[in-house]
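Enquirer:
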Amino acid sequence: MKKLFVSPIFFYTILWILLFNPMNVQCAPAPVRSHFYTFKLASPFSKSYLEAEQDRHRVWLNLTNDEGLFKQILIAYVAGATNGWDHNYDAVTIGANTYADFYSINEDRKLVIQGRAVPFDPSDTIPLGYRSNIKGDLKISIDDADGDLSNTDIYLQDNQTGIIHNLKHGAYTFSTTTGTYTNRFVIRYNTDEKLGVDKFKPDSKDLIVSSKDKTITLQSAHSSLREVSVFDITGKLVYSKQKIGTAQFEISSIQSGTPILLIKTTLENGSTITKKILF
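When the sequence shown is numbered by the working numbering, its final residue is 288 and no position is left out of the sequence of numbers.
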């Protein structure tokens, strides 16, 4: 596998400048971030945007792995943008990376750059998707942030595992198989309490999950179990069972290298509960 993957944001930035800015372009290699160049012009996506334009709040997100994979996207709250499709502020991924693609999603478009309206709204949520031709562990992390996003917690919600991870505390590592996943992740700026995420509380009465002698027992109080999936803390699926149809179910065949497991259970009444246990 090649060791260098250049982010297409650089090329999209040039395109944005050429199409929408009549000003002359001056550029020089940026010494701190080798995959970007610093542009001295009025582009809301350049690091040297005019100082008078203060209402911008941006975060650069990276998709990487330990073998050298690199794909970067930008979410930018900037003056002039809307939360819909803006050809002046949004750029669709060209999907040129052989090994993976990474994008935010808006109106069914896969975006490497997404402009969002200002003022910045901390209740905003942005779906993320990816394509991978690699089976194994990938990481999502923050490369840089400015404006309000420099001092705002940025959470990555994993819809597969139920984990909500604060990217300001470090990269989120997850396991993947090959394929395209357009609804696995969401970027949000609220804490778990503000989101009302209570499915990890051990005193939940809807479902009791316990572990003893490497056997996991699930007991539903009000509805039969429809299906259950078990993930390790990296997001790797280690067990799955469908069409259960009973209120109690035991799992005794799990092989996991991590002591913490996430049990995602769907009940016959349609509700989904995810609980974290020590295995």
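Where a beta carbon is used, it is the ideal one built from N, C-alpha and C, also for glycine.
1. At what residues does the beta strand (DSSP E) containing leucine 176 begin and finish?
2. Determine the contact status of leucine 271 and threonine 281, defining contact as a CB-CB distance below 8 Å.
3. Can you confirm whether the segment 166-185 touches the segment 230-237 when touching is taken to mean that 3 or more C-beta pairs between the two stretches lie within less than 8 Å?
4. Give the single residue among Arg125, Ala100, Leu147, Val87 whose Cα lies nearest to the Cα of glycine 93.
5. Can you tell me where the beta strand (DSSP E) with glycine 124 in it begins and where it stops?
6. So what's glycine 104 in DSSP terms, helix, strand or just coil?
7. Determine the direct distance from the alpha carbon of threonine 102 to that of aspartate 117, and round the result to whole angstroms.
8. Round the Cβ separation of valine 195 and isoleucine 135 to the nearest angstrom and send it over; I've been treating them as touching at under 8 Å.
9. With a threshold of 6 Å on Cβ separation, who are the neighbours of threonine 267 within its own chain once the five nearest residues in sequence on each side are excluded?
10. Grab the span of the beta strand (DSSP E) containing leucine 158 for me, first residue to last.
11. In chain order, what residues of the same chain have a beta carbon less than 8 Å from the beta carbon of asparagine 192, not counting five sequence neighbours either side?
12. Is asparagine 97 helix, strand or coil when you go by DSSP?
13. Check whether the Cβ atoms of lysine 6 and isoleucine 269 sit closer than 8 Å, and answer yes or no.
14. In whole angstroms, give me the CA-to-CA distance for aspartate 99 and proline 131.
15. In angstroms, rounded to a whole number, what distance separates the CA positions of tyrosine 190 and glycine 77?
16. Which residues in the same chain as valine 206 place their Cβ atom closer than 7 Å to its Cβ, once the five residues preceding and following it in sequence are excluded?
17. Please report the straight-line C-alpha distance between isoleucine 163 and isoleucine 149, rounded to a whole angstrom.
18. Helix, strand or coil, according to DSSP, for glutamate 236 in the structure here?
19. Lysine 273 and glycine 188: beta carbons closer than 8 Å?
20. I'd like the span of the beta strand (DSSP E) that includes asparagine 199, first residue to last.
21. Which same chain residues end up closer than 7 Å to isoleucine 217 when comparing Cβ atoms and leaving out the 5 residues on each side of it in sequence?
22. Start and end of the beta strand (DSSP E) containing lysine 223?
23. Return the CA-CA distance between serine 265 and leucine 147, expressed in angstroms with no decimal places.
24. May I have the straight-line CA-CA distance separating alanine 88 from asparagine 97, to the nearest angstrom?
25. Isoleucine 260 and isoleucine 225 look like a contact to me (Cβ under 8 Å); what is the Cβ gap, rounded to whole Å?
Expert: According to the structure shown:
1. In the sequence shown, the residue the question calls residue 176 occupies position 167. From DSSP, leucine 176 is part of no beta strand (DSSP E); its letter is neither H nor E.
2. As a first step, residue 271 is located in the sequence shown; it is residue number 262 there, counting from the start. As a first step, residue 281 is located in the sequence shown; it is residue number 272 there, counting from the start. Not in contact: leucine 271 and threonine 281 (Cβ atoms no closer than 8 Å).
3. The segment 230-237 makes no contact with the segment 166-185; the number of CB pairs closer than 8 Å stays below 3.
4. As a first step, residue 93 is located in the sequence shown; it is residue number 84 there, counting from the start. Just measuring C-alpha positions, the residue of Arg125, Ala100, Leu147, Val87 sitting nearest glycine 93 is Arg125.
5. Residue 124 sits at position 115 when you count from the first residue of the sequence shown. Note, glycine 124: beta strand (DSSP E), 118-125.
6. In the sequence shown, the residue the question calls residue 104 occupies position 95. Of the three classes helix, strand and coil, the one that applies to glycine 104 here is coil, per DSSP.
7. To locate residue 117, count along the sequence shown from 1; it is residue 108. To locate residue 102, count along the sequence shown from 1; it is residue 93. About 12 Å.
8. If you number the sequence shown from 1, residue 195 lands on position 186. If you number the sequence shown from 1, residue 135 lands on position 126. Yes, valine 195 and isoleucine 135 are in contact; Cβ-Cβ is about 7 Å, under 8 Å.
9. Residue numbering aside, residue 267 sits at position 258 when the sequence shown is read from its first letter. Closer than 6 Å at Cβ, skipping near neighbours: Asp241, Ile242.
10. As a first step, residue 158 must be located in the sequence shown, where it is residue number 149. For leucine 158, no beta strand (DSSP E) segment is defined, and its DSSP state is neither H nor E.
11. Against the sequence shown, residue 192 aligns to sequence position 183. Contacts found: Pro136, Gly138, Asn168.
12. Sequence index remark: in the sequence shown, residue 97 carries index 88 (1-based). DSSP places asparagine 97 in the coil class of the three-state scheme, outside both helix and strand.
13. Nothing in the structure corresponds to residue 6, since the chain is present only between 10 and 288.
14. By one-based count along the sequence shown, residue 99 stands at place 90. By one-based count along the sequence shown, residue 131 stands at place 122. As the crow flies, the alpha-carbon of aspartate 99 is around 20 Å from that of proline 131.
15. On the sequence shown, residue 190 is found 181 positions in, with the first residue counted as 1. On the sequence shown, residue 77 is found 68 positions in, with the first residue counted as 1. Put simply, the backbone Cα of tyrosine 190 is about 21 Å away from that of glycine 77.
16. As a position in the sequence shown, residue 206 is number 197, starting the count at 1. Because valine 206 sits at a pLDDT of 41, beneath the cut-off of 50, its placement in the model cannot be relied upon, and the point is left open.
17. Counting from one through the sequence shown, the residue named residue 163 turns up at place 154. Counting from one through the sequence shown, the residue named residue 149 turns up at place 140. Going by the C-alpha atoms only, they are around 12 Å apart.
18. Sequence index remark: in the sequence shown, residue 236 carries index 227 (1-based). Here glutamate 236 sits in strand by DSSP.
19. For the purposes of this step, residue 273 is taken as residue 264 along the sequence shown, with counting starting at 1. For the purposes of this step, residue 188 is taken as residue 179 along the sequence shown, with counting starting at 1. No. Outside cutoff.
20. Position 190 of the sequence shown holds residue 199. According to the DSSP assignment, asparagine 199 belongs to no beta strand (DSSP E), since it is labelled neither H nor E.
21. Numbered from 1 along the sequence shown, position 208 holds the residue referred to as residue 217. Excluding five sequence positions before and after isoleucine 217, the CB atoms of its chain that fall closer than 7 Å to its own CB belong to Gln228, given in chain order.
22. Taking the first residue of the sequence shown as 1, we reach residue 223 at position 214. No beta strand (DSSP E) holds lysine 223; DSSP gives it neither H nor E.
23. Here the question's residue 265 lines up with position 256 in the sequence shown. Here the question's residue 147 lines up with position 138 in the sequence shown. C-alpha separation (whole angstroms): 19 Å.
24. If you number the sequence shown from 1, residue 88 lands on position 79. If you number the sequence shown from 1, residue 97 lands on position 88. For the pair alanine 88 and asparagine 97, the Cα-to-Cα distance works out to about 11 Å.
25. By one-based count along the sequence shown, residue 260 stands at place 251. By one-based count along the sequence shown, residue 225 stands at place 216. Indeed, because the Cβ distance is near 4 Å, the residues count as touching under 8 Å.
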